[in-house]
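> My questions all concern the structure below.
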Amino acid sequence: MFEAKMLQSSVLKKIIESLKDLFSDANFDCSSSGITLQDMDSSHVALCYLKLRSDEEGFEDYRCDRNITLGVNLVLMSKILKCAGNDDVITLRAEDEPNILTFIFDSKNGERVSKYDIKLMEIDSELLGIPDTEYSCVVKMPSHEFQRICSNLSQLGDSVTVDCHKEGVDFKVAGEQGSGAIKLKQNTTVDKEEDQVSVELNEAVTQSFALKFLCAFTKATSLSDTVSLSLTQDTPIVVEYPIAQHGYLRFYLAPKIEE
Amino acid sequence: IKGQTSLNRFFSKQ
Chain P
26 MFEAKMLQSS
36 VLKKIIESLK
46 DLFSDANFDC
56 SSSGITLQDM
66 DSSHVALCYL
76 KLRSDEEGFE
86 DYRCDRNITL
96 GVNLVLMSKI
106 LKCAGNDDVI
116 TLRAEDEPNI
126 LTFIFDSKNG
136 ERVSKYDIKL
146 MEIDSELLGI
156 PDTEYSCVVK
166 MPSHEFQRIC
176 SNLSQLGDSV
186 TVDCHKEGVD
196 FKVAGEQGSG
206 AIKLKQNTTV
216 DKEEDQVSVE
226 LNEAVTQSFA
236 LKFLCAFTKA
246 TSLSDTVSLS
256 LTQDTPIVVE
266 YPIAQHGYLR
276 FYLAPKIEE
Chain X
20 IKGQTSLNRF
30 FSKQ
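Chains P and X are the protein sequences, given in the same order.
Numbering of the first sequence is given in the numbering used here, commencing with residue 26 and proceeding in unit increments.
Numbering of the second sequence is given in the numbering used here, commencing with residue 20 and proceeding in unit increments.
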């Protein structure tokens, strides 16, 4: 038996909304330690990795007797989650050898209980081993700032060049009709931590990435006030949104490299 | 022109 009771359905709604356009079918791997999801987009350029830890406060109850994989169509899941109120408590439930996943939405005042079942799918997904490495550069910034940068620069071109150095980070785009550059200076003196821009630098990095994917990742902006970008030259960037009281959602994007 | 790489180049199958 698998049963996970999440205090805020809005968290799961936001996660699925941010994933469903790039990753249409995905396996939720459930174990006693929590729920993970790893999926690649159809072109194998972008990957998402979600981790929701069972021992965090976001789960009121969590039970998973046996490791199970729940193959779900995320577009369908998003439709089901739209039936939940943002303040509803949501329970996910499945048997040990599941064919269906049950969603139960309990309204805060206890007056409304909704139950939906969806059929599970057999998804043949290729799991990649992601090495736990130290990155040359880790930039932390307000998530809305990163969203704005990606959105602004995508007006002019398909690729952004991210240039991390000790003063800060530069984002540049050069398209056929024009070019743009946004310079973010390191700023760790502002009052609120979530408004800070910080750059942890072991080595400077200059790397290009497809804006189409970065813009898609920023659909996760509402999950977190901050986002971190981890970069090493000639390796995929990691865009991480922490999820309070649950874990994190990470996106990996393969770089554009001059062949 | 810069070429888009694939994740399979960086991460191995588990």
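Note that beta-carbon positions come from the ideal geometry of N, C-alpha and C, so glycine has one too.
Quantities reported herein were computed from a predicted structural model and do not represent experimental measurements.
Mapping the DSSP letters down to three states, classify residue 151 of chain P as helix, strand or coil.
Correct three-state label for residue 151 of chain P: coil.
> Alpha carbon to alpha carbon, how far is residue 127 of chain P from residue 85 of chain P?
Spanning the two alpha carbons is a distance of roughly 17 angstroms.
> Note the first and the last residue of the continuous beta strand (DSSP E) segment covering residue 238 of chain P.
Element bounds for residue 238 of chain P: not the beta strand (DSSP E) but the alpha helix (DSSP H), 236–242.
> For the segment 141–155 of chain P, list every residue whose C-beta sits within 8 angstroms of some C-beta in chain X, in sequence order.
If the cut-off is 8 angstroms between Cβ atoms, the segment 141–155 of chain P has 151, 152, 153, 154 and 155 near chain X.
> Excluding sequence positions up to five away, which residues of its chain have a Cβ less than 6 angstroms from the Cβ of residue 61 of chain P?
Correct list, in chain order: 54 and 76.
> Report all residues from its chain with a CB closer than 6 angstroms to the CB of residue 148 of chain P; omit the five preceding and five following residues, and keep chain order.
50, 52 and 96, listed in sequence order.
> In angstroms, rounded to a whole number, what distance separates the CA positions of residue 45 of chain P and residue 101 of chain P?
One C-alpha to the other measures close to 9 angstroms.
> Spatial neighbours of residue 228 of chain P within its chain, please: C-beta separation below 6 angstroms, excluding the five flanking residues on both sides.
Contacts found: 161.
> As a quick exercise: from P/113, P/198 and P/146, pick the residue whose alpha carbon is nearest that of residue 98 of chain P.
Ranking P/113, P/198 and P/146 by Cα distance to residue 98 of chain P puts P/146 first.
> Would you tell me roughly how many angstroms separate the C-alpha atoms of residue 23 of chain X and residue 183 of chain P, rounded to the nearest one?
Roughly 11 angstroms between the two C-alpha positions.
> Between the beta-carbon of residue 208 of chain P and the beta-carbon of residue 220 of chain P, is there less than 8 angstroms?
No, these two residues do not count as a Cβ contact at 8 angstroms.
> If you drop the 5 nearest sequence neighbours on each side, which residues of the same chain put their C-beta closer than 7 angstroms to that of residue 171 of chain P?
Once the five neighbours on either side are set aside, the close Cβ partners of residue 171 of chain P are 243 and 252.
> Does residue 277 of chain P come within less than 8 angstroms of chain X when only Cβ atoms are used?
Closer than 8 angstroms: yes.
> Could you name the residues of chain X that residue 282 of chain P contacts, counting a contact when the two beta carbons are closer than 8 angstroms?
Residues of chain X passing the Cβ test: 21, 22 and 24.
> For residue 78 of chain P, name the three-state secondary structure that DSSP assigns.
Reduced to three states, the DSSP call for residue 78 of chain P is strand.
> What in chain X is Cβ-close to residue 251 of chain P, meaning under 8 angstroms?
Near residue 251 of chain P there are no residues of chain X at all, since even the closest Cβ is about 25 angstroms away, more than 8 angstroms.
> Which partner residues of residue 189 of chain P appear in the DSSP bridge assignment?
According to DSSP, which records beta bridges pairwise, residue 189 of chain P is partnered with P/194 and P/230.
> Report yes or no: is there a C-beta of chain X within less than 8 angstroms of the C-beta of residue 231 of chain P?
Judged by the 8 angstroms Cβ criterion, residue 231 of chain P is not in contact with chain X.
> I'd like to check one pair, residue 222 of chain P with residue 232 of chain P: are the Cβ atoms closer than 8 angstroms?
Against a cut-off of 8 angstroms, the Cβ pair of residue 222 of chain P and residue 232 of chain P comes out as no contact.
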